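Take the position in the sequence shown, starting the count at 1, then add 97; the result is the number in this note's numbering.
Below: one structure, written as structure tokens.
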Amino acid sequence: MALVPLKRRRRVARSPPAEPPGPGRFPSVVLCLVERRMGASRRAFLTQLARAKGFRVDVAYSAAVTHVVSEQNSGAEVAQWLAQQRGACGAGGDPALLDIGWFTESMRAGRPVEIEPRHRLRVTVPAAPHGGLMASYACQRRTPLLHSNQALTEALEILAEEARFSGSEGRSLAFTRAASVLKALPGPLGTLGELGPLPGIGEHSRRVIQDVLEDGVSAEVERVKLSERYQTMKLFTRIFGVGVKTASRWYQEGLRTLADLQVQSTRLTRQQQAGLRHYEDLSVPVGRGEAEAVSRAVQAALQRVLPGASVTLAGGFRRGKQHGHDVDLLLTHPEAGREAGLLSQAMSWLESQGLILYQHSQESSFVLCEGPGAPGARDCMDRFERCFSILRLEAQRGQRGPGAARGWKAVRVDLVVAPISQFPFALLGWTGSQHFERELRRFARHERKMVLNSHALYDTQQDLSLPAASEEEIFQHLGLEYVPPLERNA
Numbered sequence: 098m099a100l101v102p103l104k105r106r107r108r109v110a111r112s113p114p115a116e117p118p119g120p121g122r123f124p125s126v127v128l129c130l131v132e133r134r135m136g137a138s139r140r141a142f143l144t145q146l147a148r149a150k151g152f153r154v155d156v157a158y159s160a161a162v163t164h165v166v167s168e169q170n171s172g173a174e175v176a177q178w179l180a181q182q183r184g185a186c187g188a189g190g191d192p193a194l195l196d197i198g199w200f201t202e203s204m205r206a207g208r209p210v211e212i213e214p215r216h217r218l219r220v221t222v223p224a225a226p227h228g229g230l231m232a233s234y235a236c237q238r239r240t241p242l243l244h245s246n247q248a249l250t251e252a253l254e255i256l257a258e259e260a261r262f263s264g265s266e267g268r269s270l271a272f273t274r275a276a277s278v279l280k281a282l283p284g285p286l287g288t289l290g291e292l293g294p295l296p297g298i299g300e301h302s303r304r305v306i307q308d309v310l311e312d313g314v315s316a317e318v319e320r321v322k323l324s325e326r327y328q329t330m331k332l333f334t335r336i337f338g339v340g341v342k343t344a345s346r347w348y349q350e351g352l353r354t355l356a357d358l359q360v361q362s363t364r365l366t367r368q369q370q371a372g373l374r375h376y377e378d379l380s381v382p383v384g385r386g387e388a389e390a391v392s393r394a395v396q397a398a399l400q401r402v403l404p405g406a407s408v409t410l411a412g413g414f415r416r417g418k419q420h421g422h423d424v425d426l427l428l429t430h431p432e433a434g435r436e437a438g439l440l441s442q443a444m445s446w447l448e449s450q451g452l453i454l455y456q457h458s459q460e461s462s463f464v465l466c467e468g469p470g471a472p473g474a475r476d477c478m479d480r481f482e483r484c485f486s487i488l489r490l491e492a493q494r495g496q497r498g499p500g501a502a503r504g505w506k507a508v509r510v511d512l513v514v515a516p517i518s519q520f521p522f523a524l525l526g527w528t529g530s531q532h533f534e535r536e537l538r539r540f541a542r543h544e545r546k547m548v549l550n551s552h553a554l555y556d557t558q559q560d561l562s563l564p565a566a567s568e569e570e571i572f573q574h575l576g577l578e579y580v581p582p583l584e585r586n587a
């Protein structure tokens, strides 16, 4: 039988890929569509559609890309795709990772629509036990109030405090970061080897951890705790109105005790004098029940002067703590502008009831400005109207301590007024912990090119402030999984 020659497949000449078009109608927007799950034909169709509308669409990822659009992929999947693309082309860039919904709305509008939280893909890095993958930033980790490595974190936090007393902020932050990582571990650390390549734990911290694991204590930490300077600085900085610089100056002048300060009382500020006068009460932790009683008293004052105004208990109590050194309260009103004058009226009413032992108010200095070079939202300072006060709280049932015999106790209270448009940012900032907030702002700056403060979130690339109606939306803007207050104890 004669062999029948096989038919050769007809080769279709492929045209070379088209060069990316020019900047188009929107020079600040460069799209890149993820083919995974979208498919090649649909991607080609959407690319053609976008270019017809005047958008620039690059076939391959590069550092010029500003918007990565995906369909039916999770944020983690797109982040992994982006990492592969960066590795392949050696390009960086920090594009917005968006769902196809943003693309569809933009095509319908004929222009790039504003990116809203619902458009962004959430990208998180989970924490894994001992030596596994753990996120570098504390704001990406869940840190409960109670954890399994208390002895280790206490040792590191004492060294962090001593470094801060010595003016070494960098060293203090290094110990704080190491303690924060240990707090996020799901179980107790048994050996130093279990740490593996966990982030934020330097050689000095590892030596301290090893000492505590092997001996139960760190000799270095014990020396610090017994040193005269550390004990004096700790005593002085507990006084209301006394910071590290003032305490350090007093120590250098030879002052060591509260009695020494009483002799020098004429040199103290009015705030420091009040702190020294009520030191015995203020050095005793405030219980949750007391904090809630203070909150109710302030709420009653608000209802007298402006019905509808609200009080929110923030700080450590919102993170689940049962005791704290003071009470942080956020005041607002659901109607914009109605909060003006609220604080002074409320404090006047509280004073008329004999509840104010000391108060010092500061006016708001925050101005929200847009545009290149504008301050406002780019400012990292907290500029709310506020009142630093000491309130007289009637003794609670079963209360013990210095105020029990006289029937009342002095309590430190900070009252902060936030306009309703800024309230979610204020609530996030005033909830803490301090290290969680520091890390959240560092993440925003380095990973998202944004500036976050207690007033606003500012996108430096788009040169605009991103509004938010809740803490959840702020996390969405940043592409982070929402961390509830009870797990922000970093």
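Don't be surprised by glycine CBs; every beta carbon is placed ideally from N, CA and C.
Model, not experiment: these values are computed from the prediction.
So, are the CB atoms of Gly172 and Leu218 less than 7 Å apart?
As a position in the sequence shown, residue 172 is number 75, starting the count at 1. As a position in the sequence shown, residue 218 is number 121, starting the count at 1. Contact flag set, yes.
Quick check on this structure: which residue in Ile212, Arg585, Gly299 and Ala443 has the alpha carbon closest to the alpha carbon of Ala565?
The sequence position of residue 565 within the sequence shown is 468, counting from 1. Comparing C-alpha distances from Ala565 to each of Ile212, Arg585, Gly299 and Ala443 shows the shortest one belongs to Ile212.
With respect to the alpha helix (DSSP H) encompassing Asp312, which residues constitute its N-terminal and C-terminal limits?
For the purposes of this step, residue 312 is identified with residue 215 of the sequence shown, where counting begins at 1. Element bounds for Asp312: Glu300 to Asp312.
Near Val162, what residues of its chain come up, given a Cβ to Cβ distance below 8 Å and the 5 sequence neighbours on each side ignored?
Numbered from its first residue, the sequence shown carries residue 162 at position 65. The answer, listed in chain order, is Val127, Leu128, Cys129, Asp155, Gly190 and Pro192.
Option in Met444, Ala344, Val383 and Ser530 with minimal Cα separation from Tyr76
The shown model of the chain, from 98 to 587, leaves out residue 76, and the question about it has no answer.
Going by DSSP in three states, His216 sits in which element: helix, strand or coil?
To locate residue 216, count along the sequence shown from 1; it is residue 119. Of the three classes helix, strand and coil, the one that applies to His216 here is helix, per DSSP.
On the CB-based measure, 16 or more other CB atoms within 10 Å of its CB, does Gln359 come out buried or exposed?
Along the sequence shown, one-based indexing puts residue 359 at 262. Looking at its Cβ environment, which holds fewer than 16 other Cβ atoms inside 10 Å, Gln359 is exposed.
Is the separation between the beta-carbon of Glu568 and that of Pro521 shorter than 7 Å?
Taking the first residue of the sequence shown as position 1, residue 568 is located at position 471. Taking the first residue of the sequence shown as position 1, residue 521 is located at position 424. Against a cut-off of 7 Å, the Cβ pair of Pro521 and Glu568 comes out as a contact.
Go ahead and label Ala474 buried or exposed: buried means 16 or more other beta carbons lie within 10 angstroms of its beta carbon, across all protein chains shown.
Numbered from its first residue, the sequence shown carries residue 474 at position 377. Low local confidence applies: a pLDDT of 48 at Ala474 is under 50, so the model's placement there is unreliable, and no value is given.
What separation, rounded to the nearest whole angstrom, lies between the Cα atoms of Lys546 and Arg535?
By 1-based counting over the sequence shown, the position of residue 546 is 449. By 1-based counting over the sequence shown, the position of residue 535 is 438. In this structure, the alpha-carbon of Lys546 lies about 15 Å from that of Arg535.
Taking all protein chains shown into account, do 16 or more other C-beta atoms lie within 10 angstroms of the C-beta of Gly412, making it buried, or fewer, making it exposed?
Against the sequence shown, residue 412 aligns to sequence position 315. Counting Cβ neighbours within 10 Å, Gly412 comes out buried, since at least 16 surround it.
Which parts of the stretch 336 to 391 are runs of the alpha helix (DSSP H), unbroken and 4 residues or longer, counting only runs that do not cross its ends?
The stretch 336 to 391 is shown to contain whole alpha helix (DSSP H) runs of 4 or more residues at 341 to 349, 355 to 360, 367 to 374 and 376 to 379, in chain order.
For Ser315, I'd like the list of residues in its chain whose CB is within less than 7 Å of its CB, leaving aside the five on either flank, ordered along the chain.
Along the sequence shown, one-based indexing puts residue 315 at 218. Ala252, Val305, Asp308 and Val309.
Within the continuous alpha helix (DSSP H) that includes His574, where are the two ends?
The residue labelled residue 574 in the question sits at position 477 within the sequence shown. Taken as a continuous stretch (DSSP letters only), the alpha helix (DSSP H) holding His574 covers Glu568 to His574.
Could you name the residues of the same chain whose beta carbon sits closer than 8 Å to that of Gly121, not counting the 5 residues immediately before and after it, in chain order?
Start at 1 with the first residue of the sequence shown, and residue 121 comes out as number 24. If we look at Gly121 and ignore the five residues flanking it on each side, its Cβ neighbours are Arg148, Gly151, Phe152 and Arg153.
Report the three-state DSSP secondary structure of Tyr44 (helix, strand or coil).
Here the chain comprises residues numbered 98 to 587, so residue 44 is not present and cannot be evaluated.
Ser167 (DSSP reduced to helix, strand or coil):
Taking the first residue of the sequence shown as position 1, residue 167 is located at position 70. Of the three classes helix, strand and coil, the one that applies to Ser167 here is strand, per DSSP.
Identify whether His532 lies in helix, strand or coil by the three-state DSSP scheme.
Counting from one through the sequence shown, the residue named residue 532 turns up at place 435. Helix at His532.
Which runs of the beta strand (DSSP E), 3 residues or longer, sit entirely within the stretch 120 to 153?
Those beta strand (DSSP E) runs which fall completely within the stretch 120 to 153 and span 3+ residues are 127 to 130.
Tell me whether Ile197 sits in a helix, a strand or coil according to DSSP, three-state version.
Indexing the sequence shown from 1 puts residue 197 at position 100. Per DSSP, reduced to three states, the secondary structure at Ile197 is helical.
Distance, Cα to Cα, Glu584 vs Arg435?
Counting from one through the sequence shown, the residue named residue 584 turns up at place 487. Counting from one through the sequence shown, the residue named residue 435 turns up at place 338. Straight-line Cα distance between these residues: approximately 33 Å.
Against chain B, does Gln169 count as a neighbour if the rule is that its beta carbon must be under 7 Å from one of theirs?
Within the model displayed, chain B is absent; a lone protein chain is all it includes.
Using the Cα positions of Val266 and Thr273, report the straight-line distance between them to the nearest angstrom.
The residue given as residue 266 occupies position 169 in the sequence shown. The residue given as residue 273 occupies position 176 in the sequence shown. In the sequence as displayed, the identity of residue 266 is Glu instead of Val. Per the coordinates, the alpha-carbon of Glu266 lies some 10 Å from the alpha-carbon of Thr273.
Within 10 angstroms of its Cβ, does Pro223 collect 16 or more other Cβ (buried), or is it exposed?
Within the sequence shown, numbered from 1, the residue matching residue 223 stands at position 126. Reliability fails at Pro223, whose pLDDT of 41 lies under 50, so the model's placement of it is uncertain and no value is given.
How about the stretch 240 to 247 and the stretch 282 to 295: do they share at least three Cβ pairs that are nearer than 8 Å?
Three or more Cβ pairs closer than 8 Å define a contact, and the stretch 240 to 247 meets that threshold against the stretch 282 to 295.
Would you identify the three-state DSSP class for Arg489, choosing helix, strand or coil?
As a position in the sequence shown, residue 489 is number 392, starting the count at 1. In the structure shown, the three-state DSSP call for Arg489 is strand.
Going by other Cβ atoms of all chains shown within 10 Å of its Cβ, with 16 needed for buried, is Ala523 buried or exposed?
As a first step, residue 523 is located in the sequence shown; it is residue number 426 there, counting from the start. Counting Cβ neighbours within 10 Å, Ala523 comes out buried, since at least 16 surround it.
My output table needs one value for Gln328: the three-state DSSP class, helix, strand or coil.
Position 231 of the sequence shown, counting from 1, holds the residue named residue 328. Here Gln328 carries a helix assignment [DSSP, helix/strand/coil].
Mind the definition here: the stretch 330 to 342 touches the stretch 362 to 378 only if three or more C-beta pairs lie below 8 Å; say whether that holds.
Verdict: yes, contact present.
What separation, rounded to the nearest whole angstrom, lies between the Cα atoms of Arg503 and His375?
Residue numbering aside, residue 503 sits at position 406 when the sequence shown is read from its first letter. Residue numbering aside, residue 375 sits at position 278 when the sequence shown is read from its first letter. C-alpha separation (whole angstroms): 13 Å.
Beta-carbon contacts of Glu254 that lie in its chain and below 8 Å, excluding the five residues immediately before and after
For the purposes of this step, residue 254 is taken as the residue at position 157 of the sequence shown. Setting aside the 5 residues that flank it on each side, Glu254 is surrounded in the same chain by Phe272, Thr273 and Ala276, each with a C-beta closer than 8 Å to its C-beta; the list follows chain order.
Where Leu428 and Gly384 are concerned, what is the direct C-alpha to C-alpha distance, given to the nearest angstrom?
For the purposes of this step, residue 428 is taken as the residue at position 331 of the sequence shown. For the purposes of this step, residue 384 is taken as the residue at position 287 of the sequence shown. Between Leu428 and Gly384, the alpha-carbon positions lie close to 21 Å from each other.
Reference Val510; option with closest CA among Leu575, His422 and Trp347
To locate residue 510, count along the sequence shown from 1; it is residue 413. Checking every option, the nearest Cα to that of Val510 belongs to His422.
Give me the residue from Gln450, Met444 and Leu452 with the minimum Cα distance to Ser458.
Against the sequence shown, residue 458 aligns to sequence position 361. Considering only alpha carbons, the answer is Met444.
Between which two residues does the alpha helix (DSSP H) harbouring Ile517 extend?
Mapped onto the sequence shown, residue 517 falls at position 420. Note, Ile517: premise wrong, no alpha helix (DSSP H); not H, not E.
Nonlocal neighbours in the same chain, by C-beta distance under 6 Å from Pro226, ignoring five residues either side:
Stepping through the sequence shown from its first residue, residue 226 is reached at position 129. For Pro226, the predicted model reports a pLDDT of 42, less than 50, meaning its position is unreliable; a value from the coordinates is still stated below. So the qualifying residues of the chain are Pro283.
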